[in-house]
Structure formats: structure tokens, C-alpha cells
Amino acid sequence: MNVKLKPEKYLRYLYLPNLFGTTRTKEILHVNPTIVPLREEAKEVVAFVYDYNSGVITEKKLDAIEEAFAFRDSNRISWINIDGLRKNDVETVCNYFGIHPLIMEDILSVDQRPKMDEVDDVLFCLLNMLYYNAEKKTVETEQISVLLGKDFIISFQEDASRDPFDPIRSKLRMPKSHIRQRTADYMLYAMLDLIVDNYFLVMESLGEQIELLEEEVVRKSNTRSLARINQLRKELIVLKRNIAPVRDLVAGIIRSESELLNDRTTKYFKDVYDHIIQAYDLSENYRDVMMSMQDLYVSNVNLRLNEVMKVMTIVTCLLAPATVIGGIFGMNFDIIPYAHHTWGFYFAVSIMFIVPLIMLYIFKKRGWF
Amino acid sequence: MNVKLKPEKYLRYLYLPNLFGTTRTKEILHVNPTIVPLREEAKEVVAFVYDYNSGVITEKKLDAIEEAFAFRDSNRISWINIDGLRKNDVETVCNYFGIHPLIMEDILSVDQRPKMDEVDDVLFCLLNMLYYNAEKKTVETEQISVLLGKDFIISFQEDASRDPFDPIRSKLRMPKSHIRQRTADYMLYAMLDLIVDNYFLVMESLGEQIELLEEEVVRKSNTRSLARINQLRKELIVLKRNIAPVRDLVAGIIRSESELLNDRTTKYFKDVYDHIIQAYDLSENYRDVMMSMQDLYVSNVNLRLNEVMKVMTIVTCLLAPATVIGGIFGMNFDIIPYAHHTWGFYFAVSIMFIVPLIMLYIFKKRGWF
Amino acid sequence: MNVKLKPEKYLRYLYLPNLFGTTRTKEILHVNPTIVPLREEAKEVVAFVYDYNSGVITEKKLDAIEEAFAFRDSNRISWINIDGLRKNDVETVCNYFGIHPLIMEDILSVDQRPKMDEVDDVLFCLLNMLYYNAEKKTVETEQISVLLGKDFIISFQEDASRDPFDPIRSKLRMPKSHIRQRTADYMLYAMLDLIVDNYFLVMESLGEQIELLEEEVVRKSNTRSLARINQLRKELIVLKRNIAPVRDLVAGIIRSESELLNDRTTKYFKDVYDHIIQAYDLSENYRDVMMSMQDLYVSNVNLRLNEVMKVMTIVTCLLAPATVIGGIFGMNFDIIPYAHHTWGFYFAVSIMFIVPLIMLYIFKKRGWF
Amino acid sequence: MNVKLKPEKYLRYLYLPNLFGTTRTKEILHVNPTIVPLREEAKEVVAFVYDYNSGVITEKKLDAIEEAFAFRDSNRISWINIDGLRKNDVETVCNYFGIHPLIMEDILSVDQRPKMDEVDDVLFCLLNMLYYNAEKKTVETEQISVLLGKDFIISFQEDASRDPFDPIRSKLRMPKSHIRQRTADYMLYAMLDLIVDNYFLVMESLGEQIELLEEEVVRKSNTRSLARINQLRKELIVLKRNIAPVRDLVAGIIRSESELLNDRTTKYFKDVYDHIIQAYDLSENYRDVMMSMQDLYVSNVNLRLNEVMKVMTIVTCLLAPATVIGGIFGMNFDIIPYAHHTWGFYFAVSIMFIVPLIMLYIFKKRGWF
Amino acid sequence: MNVKLKPEKYLRYLYLPNLFGTTRTKEILHVNPTIVPLREEAKEVVAFVYDYNSGVITEKKLDAIEEAFAFRDSNRISWINIDGLRKNDVETVCNYFGIHPLIMEDILSVDQRPKMDEVDDVLFCLLNMLYYNAEKKTVETEQISVLLGKDFIISFQEDASRDPFDPIRSKLRMPKSHIRQRTADYMLYAMLDLIVDNYFLVMESLGEQIELLEEEVVRKSNTRSLARINQLRKELIVLKRNIAPVRDLVAGIIRSESELLNDRTTKYFKDVYDHIIQAYDLSENYRDVMMSMQDLYVSNVNLRLNEVMKVMTIVTCLLAPATVIGGIFGMNFDIIPYAHHTWGFYFAVSIMFIVPLIMLYIFKKRGWF
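Residue numbers (our numbering), protein chains in the order written: chain A, 7 to 375; chain B, 7 to 375; chain C, 7 to 375; chain D, 7 to 375; chain E, 7 to 375.
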């Protein structure tokens, strides 16, 4: 049995708002009223210090955040990486390093717009790492805050269960790597580069979804496709919301005249800028493709309606002469021509079938079907 | 009985312009022709003075506006808060503090666009507090005017029955609070921050409405949903109209070189700016979601029409052969084949049912249904 | 009789291009090929001179334009107001005051875009006064040209039959009015303010039309509504065409470093600028509301088609079994079961009515109707 | 016979791609791959020299281009006008006057975008004269290149058969005309002014076409209207493509600090700029009107479908009861109530007609029709 | 047999996602996650050195890349052209010429956005050569990287099988050619000019496709046309993606104050800039034409549905009276008027045919058909 014949199946889908992801709408439209801070305390916090220069590196897992403070005067670059956000930890660190309370608030906020700020000799970046959740088919975000100071860099991540900075750690451990030869701003570059490169991975996954969806729309064009189009449009909103402000963020770093930023590193930030521009352009292309898919969906649905209407019109036209002739010879008049004729019945039935065939021929010639 | 079967019910809604909120249109499209001032005198006016510095605070409810003038030379910061607008009060205050007549006119105007101005050593901000009226499902506005001068800040609010500045009062009463340690421009920041944060609360409520509406559109797609989409689009116009110019307002404060604005406060205004940008971005996202909901609504309505058309086509096709055969054997010819045969009737009836089944099978295989 | 039942009535409207205002299109799309000047000579010209300073005012109706020239060296401000444009008058005045020929050409042109220019120590503004013609439901324009020079201001209006500057005259006659205390540029401000405030009155009228139309679209959605939507869209084009360039005009005055403009007056021009920006924003809102009305119209028309299609489908489904059963028992076979049975007829008729009821029940449960 | 009844007529139009102007699409989308120069040599070349100052003018038709070179050192302004482009002529002239090879290439190119350039003390303008071809209903272009140098101005036109510069010639012959009193840049202004003013004439013609089309859409809304809408949209593309870059061209001249441009002439170029801005605004208005016409067309076509569907539904509903009753009493049962009654037949027929009337009454009251 | 009559044929196309080019979507949406370099090593590498000045030219095919290094100190301009990218080659060259590692990475990347950069006295351009694949009807890209240094220019191309720089080689061999007289930056100009001119060839091919498609849409409007519209929209995305950033690239070169760029060459780059702007404008026009084609497609499909619906309505209306009359006289009442009359049958049949004719006449007069 062809599934498509059962309209109640369609409608059953319609009764499942989950198909259309209305709960996802809630998540996307959710905003962070800063007057009511909503951040839950992280269940797990993992903190590390990497204290390095071109010659030496010390790697230390922290049991208490305060252990990191010992490295401040090491004359080496200290990277403090805190994975999992607890209000108390953030405040301890920020107070020790003299971070402005507004920045502390930003680090602890949720659903913050990516931004970049320079306050009191500290350069602050807040942006989101994006992951593609293949199961739920959604774009997930993890807020990353980075504080770049004189000879130190502090990064805060929301979720201790996944760590996007592993490639940086591997490079740190290599004495010959660029990152070991350069100043702390190169570490900031390495982080931004990693995050922005990850956007392309997420877009790759969304691109595959779009491609699959297009095939589905072309093949079936049922309600499920419409639901998928709607879902993908929402994910593209999430994508664009996270990519667009990162352009300003990186442009801000390039324009910045902070002494924390080495001239030699500028060209690296320019490279990140090129990538984020490319990501933005691509997200625009995705939107265009989704638009033309929506048009395709509507056109396909209409085309099918047209097909059905044509079938109905053909059947109606075939039916009409038979009904009329049947009606004519079914009338109870005493005198009906050919009523008593041997071939009368066959003659009438023949007309019933010949007239529709002639009609069909005329209609076709006129190009109606 | 299923409500959906009764078209007259739908149509009854159509006859209720209230469902579509046409009276709301009037309110939204209303403009303020400044040549015909329309502001009604407030029925109730509540005025307070808070005269404070880091050490001392005096809080005084005013019976007459003139009582506030005594605090002008207190060498402390005086916040005069007037809740409820009466022409006479505004003029008394403005004349005493030497406010330009154009600003006085702006304070008394209605439906004014948010704006910021610096005239004669006074910085003037006019913007709207937004409230979400859960009952009427509309966004309500209350015009707030703030005058920042040397050691004084004067705020005018339209409606004495609700006061958005309560959190500021609580903080003022705490001797250790930031607001007590800082200059008058920090008070202006505190007010703007409060107002902008409130926008997020309103957007949160609208976001919930959008989510509920999307579920409704997905489930039912009736005229009521269309009315709700139209209503929400109007509220989004109100939202955007109030948020967009506040960007310029806050940007104007940041760019301003007024001596009233302390360098230390600039970073706070930048924080407000980040929030208002985020609010603006979100209002754009809302608009996108509403657009895709409108598309969804149209697609769903069309899909249902398609379903109905398919049912009709199936019924027509099933009916056709029976009609033709009934017509054939109902003709009054003397000689009708099988007419006298014992199983003739059953044979004819069988064909009546078998032919449609065969047609159904063919149609399904061709994927028409 | 319900009017809506008679399609020929609809169609009769369709045959009346006036309903759709095609002649209005001609007026809106009309352009001024400056090589073929089309301005007709005014039938009536009314000219006045107001020669004033804070102490004295002389008001004189001019029989000949040349009489105005006597006031040039009065050491007071002379406002020459010429209502009704004749080529000869304009040339006489412009030559006397040394106005550049290009400006003279602009004053005499028709359908000119609002513009502002500074040539040879004279500041020139050209913009349109808007009126709402309640009868024709159109936005009408009257071209106003203002020349601001050292101690004189000359205004040209197209139409002597209506005079928008009456409020200025009343204020001029009051010795204590602002306008009498200030320089000539304040008079220019007063004129611009009056003109821009009038835009709001026109928008108020259009807003009322939009509201009425929305109610009509919600209630009826017939061709007349479509015609009205189209008409209003055209008026909004007229509105926007006149408002948008006035922004540039006022911004140009604010930016201008002409010595004719007093620093004290700048804040007044800023106030006009705020108003024109608000007018522009509102015209954008109007456009949005018109867009969603167009969508509403289309949705409503489709919804009605759906209703009609559903009725038809219900009737077809009810008809089908009766037709089949009637056909079955109407066949002329000798042996028809129950044909000779007493209750056979009643049995068949019962089935005719029971089957549709069962179908109806099933369809409803599946949510098709 | 009403033409609209014959669908095959519609369809015949559909088979005529000319109606939809697909060949026109080819012309519009045609681009100039500069690596393959396509310009054909002009069949006819007409060249004139006008050598003038305020006192004297010499007018000479050239048999050979080289004759113009004698006027170079005349100490008067020399206008060399070459109507019809031949590679050889252009190279001769450009080499003699020391024009850069790139400009020579631009003059000879086809379908070039309007542009302005200053190279080696020569100011170069390239733009298109527009003509409205009333017969083909298309906008035609003629490429005009103007070279302004010290005391000479050279103009190249594509087509010798029509000459847009006649009005300039007439003025040149008048000793008192502005053009004779001024420097060579005033001649450039006169040319640009003439060309831009001509744009308004073309727009006037297009405006008339739009108006006629709107009337047609309102009246008929057939395929021919759709074809006309499509055609006009293409002409508007041509229009905008030629107008938009001319803005930059004129703005470039105004901004230019070339010594060739006299300060006194600047205000004349500003006047041309105002006109080209107005032309651009108007072309945007045209686009808006075309958009709303497309909407109108679609709405009208849908409305007609609705009308037809309603007629069909009414007929179906009227037919239904008659069919059922006819079926009931046509069954061949022995015992049929009232079968032998004198008034039985009339009773049944009455019901056949009364039931539809009741249905009609109910439907109307419910507002379905 | 008319193909259009067989809906299953349409639907078979629908089952062919290839028709809709979904695999092409994959290619277009593909992005280059720089963390996973995907470039395959070229199978074939062809490298040449052209060492030239106005007097002498040496042309040498390289067996090993290192052979090129000998020309560095030749005091002539060395053009090293490497056709086919291998990681090893690129690194060898870049290390020898002291190219920054980030640029090396860009040269080896795939799907890079066109960009321009100046690092360490080297000017770097990366853009795509476009080819139109007439067979697959797609726009293909070949990444070209150019490094301009002091007296050397190095170009890298992806694909050794096609070489777009042949015209440059021919000119190089001519001692009198511009390219031989000028500095190395003129060579860069020659390359950009060649690449941009090629864009016009690709657009020419796409323009032809659009024209053919428009004819098809006008004639047939079947699913195949929809598929072609969708395909072309995707190719236009590819086109725009490659053209838009080249504007910035060329503008960057013009703005650059690098000593590598000779003042005399600037006007050549400005010429390229004019061309790329024209290409961009044209790609916008293409998009507009595609939009109006999509509208045309939808309008045509709807128009056909309307035609079919009208045919059905006509047939239904013709059928109705015959059915009713047949039903009336088919009832088995004893007394049926005219049942025994000689002409009764003919009378009834006549009514069956006359009534529809009258209906038709009325409908036509009312303009329903």
C-alpha cells in the first residue's frame, strides 16, 4: 500500500507539533532578561593551567581555582582554562585578576550576543562554539569567554563534558610549535581560529541536511518535508545569529590598538576574518537555497493538485455523455425511437463510449491536458 | 460534534473585526500631530525627591512640585521623579531648571519617537517603557523622559499607577550600592539598563505567544490562527518601533562629549548598547519566524484543500462506473443483453464495484493519491 | 437578497477601471520633463509683505509685485509671500533679489523633488505641502518654495485658494511671539515645522482609511477591497516620495554652515528633523500594515474558496451512494432481488440515507471537514 | 461570441514566445565580453566642428576627421561632434589629442556601463541616450562618449541617423546664449542636462504604458496582460541599469577637483544631479507600481477562479436533490409509494425543485455565496 | 499522443532527483573546513618561467620547480607559472621567496573566497577563473593564486589541463607589446583583466540558458521547467559568490599604497574595476529576470488549472439539466405527463439540449467564461 493515499496519516503528523519543532521555537526565541539571571551552576568543573614559554611548559589540573594564581608571576604565559561555569569560581578569578564587574556579568550570562570589549588593559571576547547535534538535528551552542591580559589568557567554557580546545593542547605540548614561540595574543588567535573553523563543520552538516531535504521535497513534497523546511529555517537563524556578530568581534580585534596585540599576530586575525566572512556569505547562500526549496515545495504541491484536478476533469467528461444518454433512453415514454430495435441497446451503448473518445481527442488537440 | 465542520462558525469569526484587532490598528497607526496636542492631564501625580551622595540620602514625597527646588543646591545628587504628567508641573520644573521650551514640548507630547538631545548643558532622553498586557495580548508603552544635569536628574513618567523604577529605589537605599558611589550619569545608566532589560521581558512574553501560535497553526490553521498571526505582526511593529531608535539614543550618549558623562560610566552605557543591539537582532529573528509561520499557515490551508480535493476525486471516480452501468441497464430497450438472465443483475452490480477497485489500484500505482 | 451572491455585480466593478484608480496612476507616474515646462499660469495671485522686527510690523497686500521691493532696505525682516505662480512675477522678484536662474527654474517647475540649495548667499528650499482630499481619497500636493536671504524671506505657493501659513501670520501679529524676537531663519523653521506637522495630519487621515479598509477586508474581502488596497498603496507612494527627500533637506540645513542660519535656531531645525524622521518611520509602518493586509486579503479569499469546495465535496459525497443505489435498482433486469418485496423500496431508500450519514461520521472523525 | 470563452485562443498566445518577448530577454541579458569586440563599423559617419567663443562661431562639416585638428590652436572652444563610430576615426582623433588607449577602448566598446574618468588632464564621460521605441515598446539606447579637455570637447555618438544634440546647436548659434559666454565645461553640462532630461521623456512613455496596462489588468487579466507585465519589467531593468550609474557619474564630476571644471559651473552639475536622483526615485516608484500590478493580476485571476467554482458548486447543489429523487422513484420495485397516485409525479417533481430552493436560501443566509 | 496528457510521465521526472540537480546542491553548499584540508595532489604539474624585459625574453619549461630560482637575480621580470597544485611544490617556492605561511595555506586551500592581501612586500591575490560547462550546464571554477613581488610574479593554477593565460603568453612573445614595456604589476593587471573578461563569457552562456528557459516556461511550464529554474538559480549563486568578492579585491589593489604598484598601472586596475562592477550589476539583472520567470511559471501553471476548471464547469453545467430531466421522466409513476404522447420523447430530449444552450448564453453574457 502506498502511504501517500492515506490522508489521515498526513493529518496525524499535523497533530504532532513535535514534527514542526515548536519546542525548538521556544529555545530559539528565548532571551536572557539580565535582570533575572538564569544560569544554573555547572555540575562539573574541570580547570587546568598551562604555564609555558618557548622553552618550558607546566601543565596542572586544578583542584581549587586559587591554585592558578601562583602562576601569575611566572614570567611565562599562563593559560587558565575553566570548563564549567560556577558563579563562585568566576568571581574568584575575576576579582584576583581585576576584571571589571560588567565582564564578570557577561561571562555568567546566558544567550549572550557575541561581543568583544577592551576594559582596563584586558581584552575580552565572548562567542559561541557551535556543535551539530545529529540526533536532534539542531545546532547547539556553547558559550566561550576569553580574557586576554598581559602574559595571561583565561578561558571559560560552559560545558565540561566536551572540550573544543584539545588541538591547542596538543600543539602546546610540542616545543617547536608556533604557539610556544609567540605571545599570548597568538593563543587568542588559535582559539578563534578553532572556533570559526568549527562553524564550517556545522555548516557542512546543515548543508547535508539541506541536500537530503531537497531530494525529499523533489520526491515527495508531503507535510513532513514542510516540517523539515521549517526546522532548517530555524537552525539557519541560530547559525546566522552566532556568525554575524563574530564578524564585528574579529574586526574589532583587528582595529584595536591594544598593546596586548602584537603586530605580527594581526595577519593571523585577518585570516580568521576572511574565514568568518566566508562563513557569513555561505550562510546567506544557505538561506537562498532554502528559499528556493520553499518555492519548489509550494510549486510541487500545486502541481499535484493540478494533476488530481485533471484526472477528475477527465473522469467527469467521460461520465457526462453516458449519463445523458442513459437518462434519455431510461425515460418512461411510450414511444422511444429504436426502443424495439434489435440493435438499439448496442447502438446507445456505443454512443456512450464513442462520444467521450471524441471529446478526449478534441481536448488533447487543444492542449488542455 | 467537531467544530471544524461548521463553516458558519468560521464565518462568524470573520464578522468579528475584533478578532483581527482592527481597533488595535488604529492605536498603532495613530500619530501625534504636534500642532494639535492630545495629551490628557494625568489624574494622579506622584512625585518624589531622592537627594543622595555616598554618605547621606534624603527621600521625600512631594505635595507640590516646588518643594523639590530646595534640593538643588544640596551639593548632593538630586533625583526628582515625577509620575504622571500635568502640563503645569512640567512647565514649573522646566522653567526652574532652565530647560529649553522644545524639550518641554517633547516631554508633554504623545507617541513621540525615542530620541536623545543635548541642549544648554542638559542631556535629554525620551524613550518608552514597554509592558506586555497579557489580557489584551498587546504591547503597551509608557513614555519616560529623563533630564540629566549637573548634580540633578529629573524623570517624568506617564502613568502613576505603575512604577518601573522600584529596583533603583531599593539600590539607592543601600549605602554600599554602586549608584550611591557614582555621579548622576550612573543613575541615567541605571534607568536605561532597567528599561532595556524590560524589553527582554516583553519579548519573552511575545516569544511565548509566537510559540503557542505556531503550535496552533500546525494543529489547526483556521481563521483564528490567521487573526493571531496578524495581531502578532502588529505587536512586532510596535516592538521594533520602540527598540530601533533606542539604538541611536544609546549610541548618541556613548559618542557624546558632554561633561555630564563620566568616562568611568561609558563602559556601562556600552553594556546597555550591547543589550539593545541584541534586542534588535532578536526582534528581527521574531519577524523571520513570523514570516515562516505565515508561509506555514498558507501551506497548511492549501494542503487541506488538496486533501479535500483528493477525497472528492476518489468519490467521483468510484461513482462514475456505477452511474454509467446503472444508466446502461436502465435504458428502456426491448432487447437488453442478460436482462432475462438469472444472474444478470448480480453480474452488473459486481462490475459496478469491481471497476472502481481496479481504477483505485491503477491510480495508486501511478502515485496520484 | 445578499449582494455577494451576484457575481455579475463583482464583475461590473471589474469593468470600472475608476474603482482601481488607473487615472490616479497617471498622475502619480507623471514626471516633469524639464525640457517641456508644463506649468500653467496661476489664475489668481495673492501677494503680501510682512515687514517686522520685535517692535514694529507692517502688513501690506501687494497689487503689483514691485511694491515689495521698497521694504528691502527697511532694516527689518521682510517676508514676501506670493500665493499663485506666474512666470513673470517670479522672474521680477528673482531678478531684483539676484537669485540664480537655476533656482528660478526650480520655482517654476512642476513635480519637482524636494531639495535644498545654497547659492550666492541665498538658501533655497523647495518642498510640498500635503493635503488629504477626503472626497477623492487622495493625497494632494502644493509646491512651496522658500528663499532665505539676509533680512528677507520670500515664499512662493502654487495655489492661492488655500493658505497653509495662516498660523504664522497670527503669531507675527503678536509682538511677544518668538517669531518676532528672532532672525529670519526662525521664520524658515516656522514654515518647515508647519509643513512637516501637516504631514502627520495627512498620515492620520490615511491611517483612518487603512483602519476602515482592514475592517472591510476582514468582513468582506471582495474586489472593492482589492481596489481600495491598490489605491492606498499608491497614496503611500505619494506620501513617501514627498517625505523621504525632506529628511535630506532638513539634514542639509542642519549641516549647512551658512551665515544666514543662527546657532540658536539649529536646535529648532533638529526638532523638525526628529519629526520628519518619525513621519518617515511611520510611513514604513503603514507600508508593513498594507503588506499584511494584502496577505490577509489573499488568505481570506482562499479561505472562502476552501469553504465553498468543502460544501461541494460534502454534497458530492452525500449524492454518490444515492445515485449508485438508484442506478442499481433502476436497471431493467427481470430478476432484481427484493424487487417484489413489500419493504424493498423503503429498504433501498433507507440505505441511500444511511450510507452518507456513516460517510459523514467517518470523514468528521478523520478531521477532513 | 465572447473571445474569453475560447481557451485555445489563450493557449495560442502561449505558443507565441514573441508575446512574452523572449528575444528581448536576449538583448537585455547580452553582455560585452571585451575580449571579443563586437562593434560593427558605422555605415554612415557625420562629423562637425563648432569653434566658438562669445564673439565668433565657425561651423564646419568635416569630410575627413583630420580637418578638425586645425581648430585646436584657435584659442576658441572647439566642439568636435562625431556621429557614427568607426574604429579608424576614433583612433585618429584620440591619438591626435593624446587620449589614453583605455578610453579609446571604452569609446569603441558596446553595452558599456555609464562611467566617468579623469586621465591625463582629460575628463571622460560615457553614458547612454535613451529613446522609447513606440512601435516595439522597448527602451533603446545610444552610447554617447564625451571628452572634455582644455578648450576642446569631443563627443562620439553611435547612430548618425538621430541626433539628440540639436537644441545645443541652436543655442550655439545664438551669440547671447549662456553656452557662448562660458567655458567648455558648460558645454558638457548642457549635454548631460539634455541626456538626463530625455530620460524623463522615456519614463513618461513607460508611465503611459504602465497606466494602459493597469487598465487592461483590471478589465481582463488574461495571458496577454501577463506578457505585457513581463515585458515592462524588462524595460524597467533597462531603464534602471542606465540611470543608476549616471548618478555616480554626475556625483563624480561634482566631487572632481579637475581644473577643467569651473566653479561657476558646479551649481549647474548639481542641478543635473537633482534631476538624475529624481529620475532614479521615479524608476523605483515604477517598480513598486509594477509589483502591485503583478499582485493585482494574480488576485484577479484567482477571483475569477473563485467565481467559476461558486457557479459550479451552485449547479452541483441544485442538481443533487433532483438526481436523488429521480433515482429513488426510478427504481424498479413493485411497491413504490404514490406510484399509482394521480399527483405522484407532480409531487416528486415539486420536491425536486423546492429542495434546491431551500438549500439556496440556507446557503445564502450563511454567507457562503 | 500528446506527452502532456500522461501525468505519470511528469511524476517519473519527479522521481529523478537528478533533474533537480540535488547533487549540484551538495557541491554548491560544500565548504572548506580548513582544519581538514581536502585538496588532492594534482596528477599533472606543468611549470614555466618567462623571464623578460623590453629587450629580451627567456621561456623555459621546468622539470623541477627549483630550476626557476636561478632567474630571481636576472634583473628582468620573472613570471613563474605553475599549473597543477602539489603541496611540496608550493612549499618549495614559497619558502624560497619568503612567502608567509598563511598565504601558503591559502594557495593550497579549496573553495576559498576571493581575497587580496599584502604581506611582507608581496601582494597576494586569490580568485577563481570561471568556465561554463555546456554539457552539465554548470559554472565550474578554477582557483588562481597570484603572488606579485619585486621583479617577480608567481601564479598557481589548479588544473593543468586547461590554461587561461595563453593570450598573455602570445603578447609576451611580442617585443613591442605593452606587457614587455611595463613593470610586473602590469602583468598582474593583464591576468585580472583576462579572468574578469572571462566572467562575461560565462554570463553570456548563462544568459542564453535563461533565454531558452524563458521560452520553455512560456511554452510548456512543466516540471522540467521548474527543475531548470531551480538549477539556474543555483548557478547564479555560484556566479555571484565568485564575482562579489572580486570587487573588493580589485578595489583593495586600487587603494593599496604598495610600492609594487606603479602609478601608471592604476588606471588599468580602475578599468578592471569598472568591468567587475558591470559584471556584478548584470548578475543582479539575471537574478531579477529569474525572479520574474518564477512568477511567470507559477502564473502559467495557475492559468492552466483555471482553464481545466472552466472546462469542467462547462461540462457540469451542460450535464445538469439532462440529468434532471432524464431523472424526472425515468420515474416509475403510473401517470406521467406526455408519457403516451407521440412527440413526448423528442420534446424531453429537446429540452435537455436547449436548456444548456440557454445557460451557456447567459453565462457568456455575464462574462464568466
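Where is the CB? At the ideal position from N, CA and C, for every residue including glycine.
These numbers were taken from a predicted model, which means no experiment stands behind them.
Original post:
Of all the options G258/D, P107/D, S80/D, L207/D, which has the alpha carbon lying nearest to the alpha carbon of M122/D?
Top reply: Here the closest residue by C-alpha is G258/D.
**OP:** Using three-state DSSP, classify Y274/D as helix, strand or coil.
**Re:** Helix.
**OP:** Would you verify that the beta carbon of L329/B is, or is not, closer than 7 angstroms to some beta carbon of chain C?
**Re:** This sequence places Thr at residue 329/B; Leu is not what is there. Yes, because at least one Cβ of chain C sits closer than 7 angstroms to the Cβ of T329/B.
Original post:
Mind checking if I109/D is an interface residue toward chain H, Cβ cutoff 7 angstroms exclusive?
Top reply: The structure shown has no chain H; the protein chains it does contain are A, B, C, D and E.
Subject >> Residue(s) in a DSSP beta bridge with W85/D >> reply: Residue pairing by DSSP puts W85/D in a beta bridge opposite Y56/D, I159/D.
Original post:
According to the Cβ coordinates, are N236/D and S298/E closer than 7 angstroms?
Top reply: Between N236/D and S298/E, the C-beta spacing is below 7 angstroms.
Subject >> Where I249/C falls: helix, strand or coil (DSSP) >> reply: Looking at I249/C - three-state DSSP - the assignment turns out to be helix.
Subject >> Between the CA atoms of R78/E and G90/E - distance to the nearest angstrom >> reply: Cα to Cα, G90/E sits roughly 22 angstroms from R78/E.
**OP:** Inspect the beta-carbon positions of N291/E and N134/E and report whether they are closer than 7 angstroms.
**Re:** In this structure, N291/E keeps its C-beta atom at 7 angstroms or more from the C-beta atom of N134/E.
**OP:** Counting only runs of 3+ residues fully inside the region 127 to 152 of chain C, write out the beta strand (DSSP E) ranges in chain order.
**Re:** For the region 127 to 152 of chain C, whole beta strand (DSSP E) runs of length 3 or above, ordered along the chain, are 128 to 139.
Subject >> Cut-off 6 angstroms between Cβ atoms - residues of its own chain near K49/A, not counting five sequence neighbours on either side >> reply: For K49/A, where only same-chain residues beyond five positions count, there are no Cβ hits under 6 angstroms.
Original post:
Is it true that the region 221 to 232 of chain D meets the region 199 to 208 of chain D, where meeting means three or more beta-carbon pairs spaced less than 8 angstroms apart?
Top reply: Remark: fewer than three beta-carbon pairs, one from each stretch, lie closer than 8 angstroms, so the region 221 to 232 of chain D and the region 199 to 208 of chain D are not flagged as touching.
Original post:
Got a sec: does the ligand HEM put a non-hydrogen atom nearer than 6 angstroms to the Cβ of R270/B?
Top reply: This structure does not include the ligand HEM; it has no bound ligands of any sort.
Original post:
Using a C-beta to C-beta distance shorter than 9 angstroms, which residues of chain D count as neighbours of V304/C?
Top reply: Per Cβ cutoff of 9 angstroms: D301, V304, S305, N308.
Original post:
So what's K182/B in DSSP terms, helix, strand or just coil?
Top reply: If DSSP states are grouped into helix, strand and coil, K182/B belongs with coil.
Original post:
Alpha carbon to alpha carbon, what distance is there between L324/A and M315/A?
Top reply: Distance between the alpha carbons of M315/A and L324/A is about 14 angstroms.
Subject >> chain C contacts from the region 262 to 276 of chain D (Cβ-Cβ distance under 9 angstroms) >> reply: Against chain C - using a Cβ distance shorter than 9 angstroms - the residues of the region 262 to 276 of chain D are K273, Y274, K276.
Original post:
Using a Cβ-Cβ distance under 7 angstroms, would G336/C count as near chain B?
Top reply: With 7 angstroms as the cut-off, G336/C counts as an interface residue toward chain B.
Original post:
Closer than 7 angstroms, Cβ to any Cβ of chain D: which residues of the region 222 to 249 of chain C, in chain order?
Top reply: From the region 222 to 249 of chain C, only T229, L232, N236, R239, I243, R247 have a Cβ closer than 7 angstroms to chain D.
Subject >> Option nearest P251/A by Cα separation, candidates Y279/A, E313/A, R230/A >> reply: When only C-alpha atoms are compared, the closest one is Y279/A.
Original post:
With distances taken between CB atoms, is the gap from R253/B to I282/B smaller than 7 angstroms?
Top reply: Their beta carbons are under 7 angstroms apart, which means R253/B touches I282/B by this criterion.
Original post:
Apart from the five residues just before and just after T272/B, which ones in its own chain have a Cβ nearer than 7 angstroms to its Cβ?
Top reply: Once the five neighbours on either side are set aside, the close Cβ partners of T272/B are I260.
**OP:** Indicate whether G333/B and A328/A have their beta-carbon atoms separated by less than 7 angstroms.
**Re:** Pairing G333/B with A328/A gives a Cβ-Cβ distance under 7 angstroms.
**OP:** Indicate whether N139/C and E148/C have their beta-carbon atoms separated by less than 7 angstroms.
**Re:** The answer is no: Cβ separation not under 7 angstroms.
**OP:** Since I believe F171/A is in contact with M197/A (beta carbons under 8 angstroms), could you give me their beta-carbon distance rounded to a whole number of angstroms?
**Re:** Their Cβ separation, rounded to whole angstroms, is 7 angstroms, which keeps M197/A and F171/A in contact under 8 angstroms.
**OP:** Mind listing the chain D neighbours of M180/E? Cutoff is C-beta to C-beta under 9 angstroms, in chain order.
**Re:** Neighbours of M180/E on chain D: none; closest Cβ ~16 angstroms, over 9 angstroms.
Subject >> Proximity below 7 angstroms, CB of S289/A to CB of L245/A >> reply: Less than 7 angstroms separates the beta-carbon of S289/A from that of L245/A.
Subject >> Between the CA atoms of R179/D and R186/D - distance to the nearest angstrom >> reply: Taken atom to atom, the span from the alpha-carbon of R186/D to that of R179/D is near 9 angstroms.
Subject >> Minimum length 3: unbroken beta strand (DSSP E) runs contained in the region 172 to 247 of chain B >> reply: The region 172 to 247 of chain B contains no whole beta strand (DSSP E) run of 3 or more residues.
**OP:** Could you work out which residue in E46/D, S80/D, D127/D, E313/D is closest to V62/D when comparing CA atoms only?
**Re:** Checked all of E46/D, S80/D, D127/D, E313/D; the closest Cα to V62/D is S80/D.
Original post:
Going by the CB atoms, is the gap between S161/A and N59/A shorter than 7 angstroms?
Top reply: No, these two residues do not count as a Cβ contact at 7 angstroms.
**OP:** Answer yes or no: does any C-beta atom of chain D fall closer than 7 angstroms to that of Q380/E?
**Re:** Since the first and last residues shown for chain E are 7 and 375, residue 380/E lies out of range.
Subject >> T127/E to L108/E span [Cα, whole Å] >> reply: What sits at residue 127/E in the sequence shown is Asp, not Thr. If you take the alpha carbons of D127/E and L108/E, they lie about 15 angstroms apart.
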